[in-house]
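S.K.: Converting from the sequence shown to the working numbering requires adding 12 to each position, the first position being numbered 1. Glycine included, every Cβ here is placed at the ideal spot set by N, Cα and C. Mind having a look at this structure? Questions to follow.
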Amino acid sequence: MGRVRRLLRKKVVIGILAAGIVLAGAGTYWFQPWKLWVSETVREAAPAAAANGPGGAPSTLATGRLISHEHTTSGTVRILRLPDGSRTLRLENLDTSNGPDLRVLITDAPVKEGRAGWFVFDKGAHVSLGKLKGNKGDQNYALPAGLDLDRYTSVSIWCDRFDVSFGAAALTRA
C-alpha cells in the first residue's frame, strides 16, 4: 500500500490519471455507446388519417426499400402528396441501430450495396429532413415545397457525427 501512496504523490502520475479521465469522458460523449442498447420506437399515423377529408386521400409519388450499410437497416420509404399539395416522406416499419446524431437525408446519390454505399450521401446534393425521431417504427417528415423529386432520388439514415449511412433506399417513382 505504501508503494501506491508514493506513486500517487508524483505529479506526473496524477497528471496522466487526470488526462485519462478527461479523455474517457470525451470519448464516451462522442461515441455515446449506450445508444447501442437503447431503442426509440415511434408510431406516427400516416398523414392519410388527418388529411382524408373533402380533399381526398394522399397519393404515393415514390417508394423505396431500405438496405443496410454501416448498421443493419430495414423498412420502406414512401413519398406522399397530401390533398393540400404538401409532400411527406414516410418511413414505415423502420428498424435500424440507434446512434449519435442520426438524420434523415434525401439526396441525389446512387444507392450502393456494402461499404461502397456508406459514405456517398453527403457528397452531392442533399437535404436534411431533420433528426431521426426513433430508430424503430413509423415516422413522417415534411418535404420542402420546392424540392425536385426528379433530382433527389434516394433517402439515407445518416449519422452526421461519423459521416456514414446506416441504411438507404433508392426511390422509384410511382
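#1: Give me, in chain order, the residues of the same chain whose beta-carbon lies closer than 8 Å to that of R102; leave out the 5 immediate sequence neighbours on both sides.
#2: Exposed or buried, what is P70 when buried is set at 16 or more other beta-carbons lying within 10 Å of its beta-carbon?
#3: Can you tell me where the beta strand (DSSP E) with H138 in it begins and where it stops?
#4: Going by the DSSP bridge assignment, what does R185 pair with across the sheet?
#5: Rounded to whole angstroms, what is the Cα-Cα separation between L106 and P95?
#6: What's the call for G126, buried or exposed, on a 16-neighbour Cβ count within 10 Å?
#7: Between the Cα of G158 and the Cα atoms of K124, V167, S177, R99, which residue gives the shortest distance?
#8: Between the C-alpha atoms of H83 and A186, what's the straight-line distance to the nearest angstrom?
#9: Between which two residues does the beta strand (DSSP E) holding G149 run?
#10: Check A180 in the structure and name its three-state DSSP category.
M.R.: With the given structure in hand:
#1: A58, P59, V89, R90, I91, L92, D150, Q151, N152, Y153
#2: buried
#3: Where H138 is concerned, the enclosing beta strand (DSSP E) stretches over 138-143.
#4: A74, per the DSSP bridge assignment.
#5: 25 Å
#6: Label assigned to G126: exposed.
#7: R99
#8: 28 Å
#9: Counting along the chain, G149 sits inside the beta strand (DSSP E) bounded by residues 148-154.
#10: strand
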